[in-house]
Amino acid sequence: MSDQSFRISAGEALTAEKITEAGEKPSEAVATYAVRLGDDALILAQRLGWWIARAPELEEDVALGNIALDQLGHARSFLSYAALAWGKTEDDLAYFRDEPEFTNLQIVEQPNGDFAATIARQFIVSYYQFELYRRLVDSTNATLAAIAAKAVKEVDYHRDHATQWVLRLALGTEESRRRMIAGLGVMWPYVDEMFRDDDLVESLGDAAVLPSSLREDFDAVTGAVLAEAELEVPEGFVARGGGREGIHTEFFGPLIAEMQVLARAHPEATW
Amino acid sequence: MSAPGSNDTEPWPLWEVFVRSSRGLSHLHAGSLHAPDAEMAVRNARDLYTRRNEGVSVWVVRSSDITASDPDAKGAFFESPRGKEYRHASYYTESEGVKHL
Amino acid sequence: MAASANMARNTEPETVEDPDGRARFDELIAADQRVEPTDWMPEAYRKTLVRQVSQHAHSEIIGMQPEGNWITRAPSLKRKAILMAKVQDEAGHGLYLYSAAQTLGTPRDKMTEDLISGKAKYSSIFNYPTPTWADMGSIGWLVDGAAICNQVPLCRASYGPYARAMVRICKEESFHQRQGFEILLHLSRGTKEQHAMAQESVNRWYAPALMMFGPPDADSPNSAQSMAWNIKRFSNDELRQRFVDMIVPQSEVLGLTLPDPDIKWNEERGHYDFGELDWDEFYEVLKGRGPANAIRLERRRTAHEEGAWVREAAAAYAERRRQQSEKAQAA
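Below, the structure is given as structure tokens:
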């Protein structure tokens, strides 16, 4: 086989290592904001990682693996950058913070459920992240803008992946449709929280993106897909939220306990 | 004769994947995969065959849609060009040493 | 000229004896050329390949589990990303190999069925459990190291699709062994507890890794035929020796010992001598009495069965779309 047929290369992109190396220290407020976005991506990656070797088909193991790796990459970039504000590392933030110090949106910590529930969560989160990163590319903070510039392209693909599956599950068989509707029903209560502004984002001005400003576009694009899938936008119960203040659902404790168990058993160690 | 391995009984059919590794090169056969339809096949191909920057473009085609030359007719099919050395530059030796030819 | 797609209907094509075909096949093997799917090949060659390539594919797929086990608990984000990429690669490698096997006429769902029903075999190394993080290091260094020794010669296997899949796999796997070595190196040079964790793990994986090359040549009846067909290029014992010669100096760099008091440089042979392996244990694990055999198969079966409704949904959607587009064209 000639080498021309496929080439392996690492590609040029912003990585957590490069951000750490650059060492540009963010303000406390920017760092707090970066932690939020980093936590969203980290917890989602943690949830998605579970699927590898459990997906409905082997091709889907690979697809979900790619998405999880993208999210983990975004998490590492945001957390590495934030950590510089406090003289810490991405691992200090990921492994040695307690539950109330995590400020991810509650939707990303929701259990995987069946494949339809995971797709419902992916559908909501990737459309949200896409709208967010698309705007964060213009952040006055150069590092946040650079992280968003890489992430937005990857999340665009996640959006497409979720859309393909929403259509197939909704319009596939009776069973898959029932499960897709149930999955959306479980995840949709956590949508409201994603678009709430607070003092921190308001104080950051053009360095950050106001969550409320994403809602209209989010509703329009997700609404169009749901309509094509002959699905209704779920209504009713709205979760109380509070993820940005460190309030979590009951699923979060076991999730970080598992994630942190080994690192915390050897607090002095490097790996 | 379709591509080897194609099989009508599988719930998700087999697709052949062709990857262009960089601009200016042809798409080359990379392997195959299973997918329910063309949209998913091209996405699965991206996920499976370009994880390390191997591609800038991907083609997929149903294995059963490929028409291949008949392996039993190999002799008849590929005999003709043999012996026609005059189609190759190396056949013309008298010009050896002459520049720009 | 296009013949009917006879392969499409039979899952296991019957090989009709064909003297011209056989002569051509023998010629190809003698000239060390590649055999391609549409060539005539002896039934035994086809069967050997289907068995070997599908076992290899199953091993990649089952092999995702002992490492996948640690994705959620990896002790740093960098290690988590590396491990996730590696386990995902294994799914990819399984797929490349299933594709290669399918060119011999056996569809993947048949191979999957054989795997989850317990009929098909896979490398017994994956029936050992991974209780500690250091096992991620040992699997990379020893198990992937042994696999690479086995696989590099397979890039020249006589069956074209298999050899091509192996080329791709070997290229991608070059990082697998290194990352395992690095995990162990960090542990060995880390805290006392980390060092002990690394040593304990290497103690458990050393012998099973050596057994990955298969039984001694004297007890390996199929090897000679596979070598004659250029599927296999080196004997089990040759490859095992090559592997030991590699890992002894590497263990010194790691600062870890290999659990075999008989390892000694033999000046005369120009190789390391090493002790007898406990083949009774190997055959026990091979028969499915390994510590994790039932768990691995159950996990694969569950994933496959619980995914059925998703696969059906996607197939139904594709059919629906096909009918819609047919209707649209007719109108």
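Protein chains in written order, with the numbering used here: chain D, 1 to 271; chain L, 1001 to 1101; chain A, 2001 to 2331. For glycine and all other residues, C-beta sits at the position ideal for the given N, C-alpha and C. These figures come from a predicted structure and were not determined experimentally.
Can you tell me which of the three DSSP states aspartate 192 (chain D) falls into?
-> For the purposes of this step, residue 192 (chain D) is identified with residue 192 of the first sequence, where counting begins at 1. Correct three-state label for aspartate 192 (chain D): helix.
Counting along the chain, where does the beta strand (DSSP E) carrying aspartate 2273 (chain A) start and finish?
-> In the third sequence, counting from the first residue as 1, residue 2273 (chain A) sits at position 273. According to the DSSP assignment, aspartate 2273 (chain A) belongs to the beta strand (DSSP E) that extends over 2271–2273.
Which of the residues in the stretch 2167–2190 of chain A, read from start to end, lie with their CB under 8 Å from any CB of chain L?
-> For the stretch 2167–2190 of chain A, the beta-carbon criterion of a distance under 8 Å to any beta-carbon of chain L is satisfied by Arg2168 and Glu2172.
Neighbour-count burial assignment, glutamate 2172 (chain A), 16 or more Cβ in a 10 Å radius | As a working mapping, residue 2172 (chain A) is identified with position 172 in the third sequence. By the 10 Å Cβ count, glutamate 2172 (chain A) comes out buried.
First through last residue of the beta strand (DSSP E) which encompasses alanine 1030 (chain L) | The count along the second sequence starts at 1 and reaches residue 1030 (chain L) at position 30. Segment 1027–1034, the beta strand (DSSP E) holding alanine 1030 (chain L).
Residue environment, alanine 2308 (chain A), which counts as buried when at least 16 other CB atoms sit within 10 Å | As a working note, residue 2308 (chain A) is residue 308 in the third sequence. With fewer than 16 Cβ atoms within 10 Å of its Cβ, alanine 2308 (chain A) is classed as exposed.
Where does the unbroken beta strand (DSSP E) through phenylalanine 1018 (chain L) begin, and where does it stop?
-> Residue 1018 (chain L) sits at position 18 when you count from the first residue of the second sequence. Start and end: 1014–1020.
Proximal chain D residues relative to glutamate 1039 (chain L), where beta-carbon distance stays under 8 Å | The sequence position of residue 1039 (chain L) within the second sequence is 39, counting from 1. What glutamate 1039 (chain L) touches in chain D, judged by beta-carbon distance under 8 Å, is Gln164, going in chain order.
Inter-residue spacing [alpha-carbon to alpha-carbon] between glycine 33 (chain D) and alanine 269 (chain D) | Translated into positions along the first sequence, residue 33 (chain D) becomes position 33. Translated into positions along the first sequence, residue 269 (chain D) becomes position 269. Going by the sequence as given, residue 33 (chain D) is tyrosine instead of glycine. Spanning the two alpha carbons is a distance of roughly 29 Å.
Contact set between the stretch 2091–2104 of chain A and chain B, restricted to residues whose Cβ is under 7 Å from the partner | Note that chain B does not occur in the displayed structure, where the protein chains are D, L and A.
Coarse secondary structure for valine 2244 (chain A), derived from DSSP in three states = The residue labelled residue 2244 (chain A) in the question sits at position 244 within the third sequence. Here valine 2244 (chain A) sits in helix by DSSP.
Just the chain A side, please: which residues come within less than 7 Å of tryptophan 271 (chain D) by C-beta, in chain order?
-> Looking up residue 271 (chain D) in the first sequence gives position 271. Listed along the chain, the chain A residues whose CB falls inside 7 Å of the CB of tryptophan 271 (chain D) are Pro2075, Ser2076, Arg2079 and His2186.
Looking at isoleucine 52 (chain D) and glycine 65 (chain D), is the spacing between their C-beta atoms short of 9 Å?
-> The residue given as residue 65 (chain D) occupies position 65 in the first sequence. The residue given as residue 52 (chain D) occupies position 52 in the first sequence. Yes, these two residues count as a Cβ contact at 9 Å.
Just confirm the distance between the C-beta atoms of glycine 2094 (chain A) and isoleucine 2061 (chain A), as a whole number of angstroms; I'd bet it's less than 8 Å.
-> For the purposes of this step, residue 2094 (chain A) is taken as the residue at position 94 of the third sequence. For the purposes of this step, residue 2061 (chain A) is taken as the residue at position 61 of the third sequence. Between isoleucine 2061 (chain A) and glycine 2094 (chain A) the Cβ distance is about 4 Å, and since that is below 8 Å, they are a contact.
May I have the straight-line CA-CA distance separating valine 155 (chain D) from aspartate 2219 (chain A), to the nearest angstrom?
-> Locating residue 155 (chain D) in the first sequence gives position 155, where the first residue counts as 1. Locating residue 2219 (chain A) in the third sequence gives position 219, where the first residue counts as 1. About 54 Å.
Contact check, arginine 54 (chain D) vs alanine 2313 (chain A), beta carbons under 9 Å | In the first sequence, the residue the question calls residue 54 (chain D) occupies position 54. In the third sequence, the residue the question calls residue 2313 (chain A) occupies position 313. For arginine 54 (chain D) and alanine 2313 (chain A), no; Cβs fall outside 9 Å.
Using only alpha-carbon positions, find the residue among A:Glu2036, A:Ala2081 and A:Trp2133 that is nearest to glutamate 2200 (chain A).
-> Translated into positions along the third sequence, residue 2200 (chain A) becomes position 200. Per the Cα distances, A:Trp2133.
Among D:His158, D:Val35, D:Gln46 and D:Phe237, the one whose alpha carbon lies nearest that of glycine 185 (chain D) | Looking up residue 185 (chain D) in the first sequence gives position 185. The residue with the shortest Cα to Cα distance from glycine 185 (chain D) is D:Phe237.
Answer with buried or exposed for lysine 2192 (chain A), where buried requires no fewer than 16 other C-beta atoms within 10 angstroms of its C-beta.
-> As a working mapping, residue 2192 (chain A) is identified with position 192 in the third sequence. Only exposed fits lysine 2192 (chain A), as fewer than 16 other CB atoms lie within 10 angstroms of its CB.
Using the Cα positions of arginine 2321 (chain A) and histidine 2304 (chain A), report the straight-line distance between them to the nearest angstrom.
-> Counting from 1 along the third sequence, the entry for residue 2321 (chain A) is found at position 321. Counting from 1 along the third sequence, the entry for residue 2304 (chain A) is found at position 304. Each residue's alpha carbon lies about 25 Å from the other.
With burial defined as no fewer than 16 other Cβ atoms inside 10 Å of the residue's Cβ, what is the status of tyrosine 1086 (chain L): buried or exposed?
-> The sequence position of residue 1086 (chain L) within the second sequence is 86, counting from 1. By the neighbour-count rule (16 or more Cβ atoms within 10 Å), tyrosine 1086 (chain L) is not buried but exposed.
Tryptophan 2265 (chain A) in three-state terms, based on DSSP = Here the question's residue 2265 (chain A) lines up with position 265 in the third sequence. Three-state result, tryptophan 2265 (chain A): strand.
Residues bridged to valine 2035 (chain A) [DSSP beta-bridge criterion] | Along the third sequence, read from residue 1 onward, the residue named residue 2035 (chain A) stands at position 35. BP columns for valine 2035 (chain A) point to A:Tyr2159.
Whole-angstrom distance between glutamine 2052 (chain A) and aspartate 40 (chain D), CA atom to CA atom = Within the first sequence, numbered from 1, the residue matching residue 40 (chain D) stands at position 40. Within the third sequence, numbered from 1, the residue matching residue 2052 (chain A) stands at position 52. Cα to Cα, aspartate 40 (chain D) sits roughly 44 Å from glutamine 2052 (chain A).
Segment contact flag, the stretch 2156–2175 of chain A with the stretch 2230–2243 of chain A, C-beta cutoff 8 Å, min 3 pairs | yes
Could you name the residues of the stretch 2301–2320 of chain A whose beta carbon sits closer than 9 Å to any beta carbon of chain D, in the order they occur along the chain?
-> Thr2302, Ala2303, His2304, Glu2306, Gly2307, Ala2308, Trp2309, Val2310, Arg2311, Glu2312, Ala2313, Ala2314, Ala2315, Ala2316, Tyr2317, Ala2318 and Arg2320
Under 9 Å between C-beta atoms of alanine 207 (chain D) and threonine 140 (chain D) = Looking up residue 207 (chain D) in the first sequence gives position 207. Looking up residue 140 (chain D) in the first sequence gives position 140. The answer is yes: Cβ separation under 9 Å.
Proline 2259 (chain A) versus valine 2202 (chain A) - alpha carbon distance | Within the third sequence, residue 2259 (chain A) is the residue found at index 259, counting from 1. Within the third sequence, residue 2202 (chain A) is the residue found at index 202, counting from 1. Those two C-alpha atoms are separated by around 8 Å.
By the criterion of Cβ-Cβ separation under 8 Å, what are the contact partners of threonine 2333 (chain A) in chain D?
-> Past the edges of chain A, shown from 2001 to 2331, lies residue 2333 (chain A), and the structure says nothing about it.
Taking tyrosine 81 (chain D) as the reference, give the member of D:Glu57, D:Ile19 and D:Ile119 with the closest Cα.
-> Working through the first sequence from its first residue, we reach residue 81 (chain D) at position 81. Residue D:Ile19 is the option with its Cα nearest to tyrosine 81 (chain D).
Below-9 Å beta-carbon distance, serine 176 (chain D) vs any chain A residue = Translated into positions along the first sequence, residue 176 (chain D) becomes position 176. It does; some Cβ of chain A falls within 9 Å.
To the nearest whole angstrom, what separates the beta carbons of phenylalanine 2025 (chain A) and proline 2066 (chain A), a pair I think is in contact under 8 Å?
-> Reading the third sequence from its first residue, position 25 is the one you call residue 2025 (chain A). Reading the third sequence from its first residue, position 66 is the one you call residue 2066 (chain A). Not quite, the Cβ-Cβ distance comes to about 39 Å (not below 8 Å), so this is no contact.
Near the ligand MG: serine 80 (chain D) beta-carbon under 8 Å from a heavy atom = Within the structure as shown, the ligand MG is missing, as the structure has no ligands at all.
Are three or more beta carbon pairs between the stretch 86–103 of chain D and the stretch 2105–2120 of chain A nearer than 8 Å?
-> no
From the DSSP output, which residues share a beta bridge with arginine 1062 (chain L)?
-> As a first step, residue 1062 (chain L) is located in the second sequence; it is residue number 62 there, counting from the start. According to DSSP, arginine 1062 (chain L) bridges with L:Trp1015.
Within 9 Å (strictly less), CB to CB, does glutamine 2088 (chain A) reach chain L?
-> For the purposes of this step, residue 2088 (chain A) is identified with residue 88 of the third sequence, where counting begins at 1. True, the Cβ-Cβ gap to chain L drops below 9 Å.
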